[in-house]
Amino acid sequence: MDIALEPDEENLDFLNWLAESRQNHLSQTGILSSEEYMTEDLTALLGHELTPDEKVNLAIFLDKVMKERQVIYIEGVRDGIRMAKEVRKA
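All letters in the sequence shown, in the order written, are residues 93 to 182 by the numbering used here.
The following block contains the structure:
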């Protein structure tokens, strides 16, 4: 199976799914805090209950963080594929 490495290719959906599945797994196993746990932790650090506006802003911020983690993971997968292809050629 040859996985394409360019972002505009059809396998980007697969890579996005793979990254999201990995994040879900890490969240469920407790290795990576879910948004709910991060919200609780940040609320505790602030020392007061978040207002609805603060909750919305926090959710947007956490979504950006998770998206960045997904991009980093996808790049890692691509790097792994490139390395495997190079080793296979040798």
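Note that CB positions come from ideal geometry on N, CA and C, so glycine has one too. Please read these numbers as outputs of a predicted model, since none were measured by experiment.
- With respect to residue 135, residue 141 sits close: the two C-beta atoms are nearer than 8 Å.
- Residue state for residue 146 is assigned as helix, using DSSP reduced to three classes.
- About 23 Å separates the beta carbon of residue 115 from that of residue 175, a gap too long to meet the 8 Å contact definition.
- Annotation: the continuous alpha helix (DSSP H) that includes residue 116 extends over 104 to 121.
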